[in-house]
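A.B. asks: Everything in the sequence shown is counted per full-length UniProt numbering, starting at 1 for the first residue and increasing by one. Here's a structure for you.
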Amino acid sequence: MMQKKTPERALFNYRELEDYLLTYPSVADVAVLPDLAVGEEVIAYVVPVPGVFDPERLKAFFMKKLKSRNITGFIEYRDSLPRSNTGKLYIRRLLKAVVEEK
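Take a look at the structure:
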């Protein structure tokens, strides 16, 4: 079944949201992907900076951006993200790890 793209969804750039979240002081790394199970949400896989971290403030920061784009989503916290030596995200490895943990 094909998802119909709304104008907002067609113009949405996941990298834009990643860059936005990386401006938050307690975010060390992030990857934003569509929620394949739901299709109308995004998931931000966030690696927090060790130490002082306020998940509620980060959630409010994240939701503010999503609301401005008429998109819904949520945050999942990770210890690390699978990346190559050059920094490329291994999306399949990340998704496999997420599935195995559930």
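All residues carry an ideal CB built from backbone N, CA and C; glycine is no exception. Predicted model, so just to flag it, every value in this text is computed and none were measured.
Which partner residues of Thr72 appear in the DSSP bridge assignment?
C.D. replies: Answer is Glu41, bridged to Thr72.
A.B. asks: Using the C-alpha atoms, what's the distance from Tyr90 back to Ala10?
C.D. replies: In this prediction, Ala10 scores a pLDDT of 44, lower than 50, which makes its location untrustworthy; the coordinate-derived value is nonetheless stated afterwards. Each residue's Cα considered, the two are about 24 Å apart.
A.B. asks: To the nearest angstrom, report how far apart Val32 and Thr23 are at their CA atoms.
C.D. replies: Cα to Cα, the separation comes out at about 14 Å.
A.B. asks: What's the call for residue 105, buried or exposed, on a 16-neighbour Cβ count within 10 Å?
C.D. replies: Given a span of 1 to 102 for the chain in the structure shown, any question on residue 105 remains unanswerable.
A.B. asks: Give the straight-line distance between the Cα atoms of Glu41 and Ser84, rounded to the nearest whole angstrom.
C.D. replies: Taking the straight line joining both Cα atoms gives about 26 Å.
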